[in-house]
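For the sequence shown, the numbering used here assigns the number 1014 to the initial residue and increments by one for each residue that follows.
Ideal Cβ placement from N, Cα and C applies to all residues, glycine included.
Predicted model, so just to flag it, every value in this text is computed and none were measured.
Structure first, then comments.
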Amino acid sequence: MTISDRSSTVQLGNAITNPGHGDDFTEHMYSLRWSENLGWHQPRLTALENLELHPGTVALHYGQCAFEGLKAHRQIDGTVAVFRPKENALRFQRSARRLSMPELPEDLFLEAVERLVQADQNRLSGNLEHSLYLRPLLFATDTSLMLRPSSTFRFLLIAFVAGGFFGDGVESVSVLINRDYSRAMPGGTGDVKVAGNYASTFVAQRMAHEAGCAQVVWLDSAEHRWVEEMGGMNLFFVRGHGFGAEVVTPALTGTLLPGITRDSLLRLAGRLGYVPREERLSVDQWREECASGVITEVFSCGTAAVVTPVTSVRDVDGGWIVGDGHPGPVTMAMRRSLFEVQHGLTQDQDGWLHRISPASA
Ligand SMILES: Cc1ncc(COP(=O)(O)O)c(C=O)c1O
């Protein structure tokens, strides 16, 4: 479907080519430095270029490094807007605090986002399934192998053109419950977005692929019983059908990431006539409630994956199908509703869109 107006041509669905996720970088980057004496300084928008780092750079050894992920979307009127960047700025500050790094003030975060998106927004085609994925990064730059926090840091913002995380369009995924490893523990770093959280999950991700599944489901580390989240996504469970269906997501226990998509969907669910809930949910409940037909749909959500149906589950002692094994109507309504807000197809009641002014000629 294609909709044209004076300023642009935008397409809904039927992507022509999928740029993938994470490889098609844009032409620019934005950079800031921090030191104890100068605070935040040296703001620069430059061409995307390689970094020159001493092999003894703290971030490379001790993982003093945090990042974020957010997206700029082409709007139906042809302009560009970033979805909820203030929330990412706040989460980035929490991540920095947890790793003894300086917090980037919200206005500097937003300025970086505006400058980079303004410079590279021409890379965003009219295909509404595509977006500009923005990756803010903060890392320790001292050259020292003393086991202590760095006293200098660098902030970078880079971007790539993103298609669907699992391909364009809506594809359901199968998931593997991981019983061997833990992603996070109480008092750890599971509720912030730091580099080390991800390296340690790659082995489990490989196990999932070897089992023919697209993603890993993480359980709590103490009892290996409570469902927490997936690799880079939060989870939702639907109980019942139609209006009044419960849309349930694991409660924030301090060991899972408070996703901005998760928060957005909790708010949108009520407006669609569903009942949003946050609760602890065990794997046994998941299996039993699927068997009894109480749980009718499951979906994952995140900036990268948007809303993705989860239709089959594997565990050590077998597996089960969710609902009828196909994307369900509540999942698709939630996906559509989020898509509509992000692309200016519906009123932005909550002020979630951060508009970017057109690139100067
Ligand atoms: C571990 C983890 N959980 C959940 C999410 C989803 O968060 P958001 O909706 O803010 O992208 C992410 C992505 O940032 C993640 O890395």
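With fewer than 16 other Cβ atoms from the protein chains shown falling within 10 Å of its own Cβ, residue 1050 counts as exposed. Residue 1120 and residue 1298 have their C-alpha atoms roughly 44 Å apart. Non-local beta-carbon contacts of residue 1110 in its own chain, meaning distances under 7 Å to residues more than five positions away in sequence, involve 1116 in chain order.
Residue 1325 and residue 1335 have their alpha carbons spaced roughly 6 Å apart.
The alpha-carbon of residue 1225 is positioned some 43 Å away from that of residue 1159.
Per DSSP, reduced to three states, the secondary structure at residue 1289 is strand. In the DSSP assignment, residue 1194 forms no beta bridge with any residue.
Excluding residues up to 5 positions away in sequence, 1053, 1056 and 1168 lie with their Cβ nearer than 6 Å to the Cβ of residue 1045 in the same chain. In terms of Cβ geometry, residue 1083 and residue 1147 form a close pair [threshold 7 Å]. Nearest neighbour of residue 1217 by Cα position, chosen from 1238, 1258 and 1244, turns out to be 1244.
Within the chosen limit of 6 Å, ligand 1 reaches the beta carbon of residue 1246 through at least one heavy atom. Exclusion of residue 1291 from the 6 Å shell around ligand 1 follows from its C-beta lying no nearer than that to any non-hydrogen atom of the ligand. As the crow flies, the alpha-carbon of residue 1331 is around 38 Å from that of residue 1078. Here the C-alpha atom of residue 1073 lies approximately 50 Å from the C-alpha atom of residue 1255. For residue 1344, the secondary structure class from DSSP, reduced to helix, strand or coil, is helix. Taking the Cα of residue 1236 as reference, the smallest distance to any Cα among 1195, 1215 and 1106 is reached at 1195. Residue range 1296-1304 is occupied by the alpha helix (DSSP H) that includes residue 1303. Looking at the backbone, the Cα of residue 1199 and that of residue 1368 are separated by about 38 Å.
In the three-state DSSP reduction, residue 1108 falls in the helix class (H, G or I).
The bridge partners DSSP lists for residue 1238 come to none.
In this structure residue 1040 is in contact with residue 1060, their Cβ atoms being roughly 6 Å apart against a cut-off of 8 Å.
Put simply, the backbone Cα of residue 1338 is about 18 Å away from that of residue 1347. Straight-line spacing of the CA atoms in residue 1362 and residue 1193 works out to 43 Å. Annotation: the continuous alpha helix (DSSP H) that includes residue 1273 extends over 1273-1284.
The closest CA to that of residue 1227, considering only 1323, 1341 and 1085, is found on 1323. Beta-bridge partners assigned by DSSP to residue 1042: 1059. Residue 1162 is positioned such that its CB atom lies no closer than 7 Å to that of residue 1123.
DSSP lists 1095 and 1145 as the bridge partner or partners of residue 1085.
Sequence-distant partners of residue 1264 (beyond 5 residues in either direction) whose C-beta falls short of 8 Å from its own C-beta, in its chain, are 1291, 1292 and 1293. Its chain contains 1035, 1036, 1037, 1038, 1039 and 1146 as the residues whose beta carbon lies nearer than 7 Å to that of residue 1173, once the 5 sequence neighbours on both sides are disregarded; these appear in chain order. If you ignore the 5 residues before and after residue 1102, its C-beta comes within less than 6 Å of the C-beta of 1119 and 1122, all in its own chain and listed in chain order. At least one heavy atom of ligand 1 is found less than 6 Å from the C-beta of residue 1274. Within 6 Å of the C-beta of residue 1150 there is not a single heavy atom belonging to ligand 1. Judged by the Cβ position, residue 1033 fails to qualify as a neighbour of ligand 1 at the 6 Å threshold, every heavy atom of the ligand being at least this far. For the 7 Å CB-CB criterion, residue 1341 and residue 1310 form a contact.
Burial of residue 1260 is indicated by the presence of at least 16 other C-beta atoms within 10 angstroms of its C-beta.
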